[in-house]
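Asks:
Numbering (full-length UniProt numbering), first residue to last: 1 to 551.
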């Protein structure tokens with residue numbers, strides 16, 4: 001999950017190594033471990049240097065029955081029984097943290113001694129000689145080769161986001177249960193296979209051309225994909241690393257993975273109802289109230305329960321959108337933060353959260369930047385955040401001045417967490433009878449702005465958005481299909497992935513949007529909440545139509 005330029009973030013990351021911000025309940029002291037009347041769970045050591053969301057990995061490790069010890073000094077690395085390095089952020093910044101804390105030498109010693117190691121994403125890339133990201137930048141140099149950026153000139157979108165297939169090159173042990181199934185990737189740089197590093201390569205993946213998806217030599221492993229976000233398949237990878245003596249026989253797997261899959265995303269629009277309860281709802285052209293005398297907010301369930309259900313039913317991602325978040329102080333939305341924390345404990349696919357992410361001054365005059373707001377969401381379990389209204393204002397200002405100030409919420413968050421972690425939600429409605437102009441709106445579709453969807457999409461890509469969630473107010477809740485013209489307009493205009501939203505009412509609408517547009521994913525809400533169409537039915541239909549999906 002590289003691409004982050006957080007040079008100013010290095011001091012924070014360094015402190016995070018030395019002074020863990022974990023809750024007391026998650027830190028196990030030596031005296032606690034020595035208590036004879038307690039049968040402690042096995043331990044794994046985690047090298048978390050303070051950038052990005054590793055809550056999901058922590059949750060996955062705990063789900064598999066392990067406790068976590070955090071690295072605070074180089075000695076902790078050398079004393080580790082099993083070490084996981086979930087590298088996130090930019091290559092240069094991560095190396096800077098490792099060198100300044102003395103972790104680089106300890107890591108090299110640990111790995112050269114063939115100690116049990118698992119590097120994830122950037123944790124794999126740092127093992128190579130150097131990276132071209134803002135460089136060349138020298139890596140740990142344990143594996144011959146270079147880390148380079150994907151090339152978008154061949155028509156492939158950068159970043160590489162989504163579920164892709166592995167080509168197993170040799171027995172890697174931890175990949176034994178993957179078979180022909182998909183794993184979740186999110187990155188724009190990749191390690192390049194060569195004759196010099198082929199003895200390390202245990203699998204490759206193709207995205208325009210082959211890149212290294214995993215490495216293995218002895219007890220040293222590394223994966224480019226995110227096992228903690230790859231569902232049951234990813235949990236099997238972690239389980240086989242953590243439990244090397246309990247693997248048993250290789251389990252045959254069923255699957256048809258061959259390339260990057262189209263994603264089916266379940267969206268949970270939620271808000272507080274008139275009784276103060278947090279409920280999942282769904283609008284009809286953004287109107288979420290029942291057409292009854294009581295005019296109550298439509299209640300379609302509880303967000304944590306529904307997210308767990310959709311995960312089990314095969315959703316490739318789950319999005320939480322607070323549709324009234326623009327009204328209130330986001331960090332005051334404690335129920336939302338709790339939803340994220342609880343959902344991420346048992347949902348091992350990417351979680352996106354949106355609603356009201358912006359700079360804010362509270363009633364006491366305390367100023368909170370949008371980066372602080374987003375950081376709390378990431379710490380609570382979000383993998384991506386979705387920005388709507390604030391992105392429109394930032395784009396308008398950029399188009400007016402042609403200056404990237406770096407101060408907008410979009411720029412701040414993408415600079416620290418990477419643009420792959422930032423989704424821009426566009427809410428347009430057609431304006432015009434003969435020549436449709438898709439006018440963008442803000443504040444939940446309540447206010448039109450003098451900027452079109454095309455202009456907005458181009459501008460936010462320049463401002464480092466990683467994906468676009470493309471809605472359409474007129475199609476919302478109608479069940480008549482996605483706005484194909486709008487989706488083509490936007491997906492053909494940008495090189496970042498576009499998620500189609502608004503209008504799904506039948507399985508055929510998903511195959512239509514994937515065959516008639518370049519959308520990378522399709523999102524739906526109401527048809528899933530009302531149990532009109534299960535996610536597995538959508539995927540079964542797409543497979544019959546010859547469209548690759550994760551099963």
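Cβ atoms here follow ideal geometry from the backbone N, Cα and C, with glycine treated the same way.
1) Is the beta carbon of residue 499 closer than 8 Å to that of residue 467?
2) Taking the alpha carbon of residue 64 as the reference point, which residue from 414, 239 and 532 has its own alpha carbon closest?
3) Does DSSP classify residue 395 as helix, strand or coil?
4) Secondary structure at residue 67, three-state DSSP: helix, strand or coil?
5) Using alpha carbons as the reference points, say which of 157, 176, 502 and 158 lies closest to residue 166.
6) Which value, in whole angstroms, describes the spacing of the CA atoms of residue 364 and residue 164?
7) I need the DSSP call for residue 387, collapsed to helix, strand or coil.
8) Quick one: what's residue 307 bridged to in DSSP?
9) Figure out for me which residue from 486, 337, 345 and 213 has the closest Cα to the Cα of residue 353.
10) Could you pull out every residue in the same chain whose Cβ sits closer than 7 Å to the Cβ of residue 32, ignoring the five residues on either side in sequence?
11) Just to confirm, are residue 84 and residue 46 a CB contact at a threshold of 8 Å?
12) What three-state label does DSSP hand residue 452 in the structure shown?
13) Please go through the same chain and pick out, in chain order, the residues whose beta-carbon is closer than 6 Å to the beta-carbon of residue 169, but skip the five residues on each side of it.
14) Among all the DSSP beta bridges, which residues are the ones paired with residue 137?
15) DSSP three-state label for residue 202, please.
16) Relative to the C-alpha of residue 133, which residue among 124, 508, 312 and 146 is closest?
17) Are the Cβ atoms of residue 523 and residue 236 separated by less than 8 Å?
18) Closest to residue 347 by CA distance: which of 417, 62 and 373 is it?
19) At what residue ranges does the region 65 to 103 contain a whole run of the beta strand (DSSP E), taking only runs of 3 or more?
20) Inspect the beta-carbon positions of residue 267 and residue 106 and report whether they are closer than 8 Å.
21) Using the beta-carbon count (16 or more within 10 Å), is residue 214 buried or exposed?
22) Take every Cβ of the region 378 to 389, pair it with every Cβ of the region 418 to 430, and state whether three or more of those distances are shorter than 8 Å.
23) Since residue 263 contacts residue 521 with CB under 8 Å, what's their CB separation in whole angstroms?
24) Tell me which residue opens and which closes the alpha helix (DSSP H) that residue 417 is part of.
25) Would residue 198 count as contacting chain D if we go by Cβ distances under 8 Å?
26) So, helix, strand or coil for residue 515, using DSSP?
27) Just the C-alpha distance for residue 116 and residue 243, rounded to the nearest angstrom, thanks.
28) In terms of residues, what are the limits of the beta strand (DSSP E) holding residue 348?
29) Buried or exposed: where does residue 350 fall if 16 or more other Cβ atoms within 10 Å of its Cβ makes it buried?
30) Shortest alpha-carbon distance to residue 162 belongs to which of 183, 144 and 151?
31) DSSP puts residue 265 in a beta bridge; with which residues?
32) Could you pull out every residue in the same chain whose Cβ sits closer than 8 Å to the Cβ of residue 311, ignoring the five residues on either side in sequence?
33) Considering residue 214, what are the terminal residues of the beta strand (DSSP E) in which it resides?
34) Measuring CB to CB, does residue 137 end up less than 8 Å from residue 150?
35) I believe residue 143 touches residue 197 by the beta-carbon criterion, under 8 Å. Please report the beta-carbon distance rounded to the nearest angstrom.
36) Please report how far the alpha carbon of residue 414 lies from the alpha carbon of residue 465, in whole angstroms.
Replies: According to the structure shown:
1) Residue numbering aside, residue 467 sits at position 467 when the chain shown is read from its first letter. Residue numbering aside, residue 499 sits at position 499 when the chain shown is read from its first letter. Contact flag set, yes.
2) As a first step, residue 64 must be located in the chain shown, where it is residue number 64. The shortest CA-to-CA distance from residue 64 to any of 414, 239 and 532 is the one to 239.
3) For this step, residue 395 is matched to residue 395 along the chain shown. Residue 395 carries a helical assignment under DSSP once its states are collapsed to helix, strand and coil.
4) Here residue 67 corresponds to residue number 67 of the chain shown, with the count starting at 1. Judged by DSSP in its simplified three-state form, residue 67 adopts strand.
5) Here the question's residue 166 lines up with position 166 in the chain shown. When only C-alpha atoms are compared, the closest one is 176.
6) Along the chain shown, read from residue 1 onward, the residue named residue 364 stands at position 364. Along the chain shown, read from residue 1 onward, the residue named residue 164 stands at position 164. Rounded to whole angstroms, residue 364 to residue 164 spans 48 Å at the Cα level.
7) Numbered from 1 along the chain shown, position 387 holds the residue referred to as residue 387. Note: residue 387 maps to strand in three-state DSSP.
8) Translated into the one-based positions of the chain shown, residue 307 becomes position 307. Beta bridge pairing from DSSP links residue 307 with no other residue.
9) Residue numbering aside, residue 353 sits at position 353 when the chain shown is read from its first letter. When only C-alpha atoms are compared, the closest one is 337.
10) Taking the first residue of the chain shown as position 1, residue 32 is located at position 32. Its pLDDT being 42, under 50, residue 32 is placed unreliably in this model, and the value from its coordinates should be taken loosely. For residue 32, where only same-chain residues beyond five positions count, there are no Cβ hits under 7 Å.
11) Residue mapping note: residue 84 aligns to position 84 of the chain shown, counting from 1. Residue mapping note: residue 46 aligns to position 46 of the chain shown, counting from 1. Closer than 8 Å, so yes.
12) Stepping through the chain shown from its first residue, residue 452 is reached at position 452. Residue 452 carries a strand assignment under DSSP once its states are collapsed to helix, strand and coil.
13) As a position in the chain shown, residue 169 is number 169, starting the count at 1. Closer than 6 Å at the Cβ level, and outside the excluded window around residue 169, lie 201, 202 and 203.
14) For the purposes of this step, residue 137 is taken as residue 137 along the chain shown, with counting starting at 1. BP columns for residue 137 point to 131.
15) Residue 202 sits at position 202 when you count from the first residue of the chain shown. Residue state, collapsed to three classes: strand.
16) The residue labelled residue 133 in the question sits at position 133 within the chain shown. Comparing Cα positions, the closest option is 146.
17) Taking the first residue of the chain shown as position 1, residue 523 is located at position 523. Taking the first residue of the chain shown as position 1, residue 236 is located at position 236. Result no, Cβ atoms of residue 523 and residue 236 do not sit closer than 8 Å.
18) Numbered from its first residue, the chain shown carries residue 347 at position 347. Sorting 417, 62 and 373 by C-alpha distance to the C-alpha of residue 347 places 62 at the top.
19) Fully enclosed beta strand (DSSP E) runs of 3 or longer: 67 to 70 and 83 to 87.
20) Mapped onto the chain shown, residue 267 falls at position 267. Mapped onto the chain shown, residue 106 falls at position 106. Contact: no.
21) Against the chain shown, residue 214 aligns to sequence position 214. Here residue 214 is buried, its C-beta having at least 16 other C-beta atoms within 10 Å.
22) With a cut-off of 8 Å, the region 418 to 430 and the region 378 to 389 count as touching, because enough Cβ pairs lie within range.
23) As a first step, residue 263 is located in the chain shown; it is residue number 263 there, counting from the start. As a first step, residue 521 is located in the chain shown; it is residue number 521 there, counting from the start. Yes, they are in contact, since the Cβ atoms of residue 263 and residue 521 sit about 4 Å apart, within 8 Å.
24) Along the chain shown, read from residue 1 onward, the residue named residue 417 stands at position 417. Residues 409 to 417.
25) Absent from the structure: chain D. Only one protein chain is present.
26) Counting from one through the chain shown, the residue named residue 515 turns up at place 515. When DSSP states are grouped into helix, strand and coil, residue 515 belongs to the helix group.
27) For the purposes of this step, residue 116 is taken as residue 116 along the chain shown, with counting starting at 1. For the purposes of this step, residue 243 is taken as residue 243 along the chain shown, with counting starting at 1. Those two C-alpha atoms are separated by around 11 Å.
28) Residue mapping note: residue 348 aligns to position 348 of the chain shown, counting from 1. For residue 348, no beta strand (DSSP E) encloses it, and the DSSP letter there is neither H nor E.
29) Working through the chain shown from its first residue, we reach residue 350 at position 350. Flag for residue 350 reads buried.
30) What you label residue 162 is simply residue 162 of the chain shown in a count that begins at 1. Selection 183, 144 and 151 evaluated against residue 162 yields 183 as nearest (Cα-Cα).
31) For the purposes of this step, residue 265 is identified with residue 265 of the chain shown, where counting begins at 1. Answer is 317 and 523.
32) One-based indexing of the chain shown puts residue 311 at position 311. Taking residue 311 as the centre and dropping the five residues before and after it, the same chain places the C-beta of 231, 318, 346, 347, 348 and 349 closer than 8 Å to its C-beta, in chain order.
33) Here residue 214 refers to the residue found at position 214 of the chain shown. Residues 210 to 217.
34) Working through the chain shown from its first residue, we reach residue 137 at position 137. Working through the chain shown from its first residue, we reach residue 150 at position 150. No, these two residues do not count as a Cβ contact at 8 Å.
35) Locating residue 143 in the chain shown gives position 143, where the first residue counts as 1. Locating residue 197 in the chain shown gives position 197, where the first residue counts as 1. About 5 Å; that satisfies the 8 Å criterion.
36) Residue 414 sits at position 414 when you count from the first residue of the chain shown. Residue 465 sits at position 465 when you count from the first residue of the chain shown. Approximately 7 Å between the Cα atoms of the pair.
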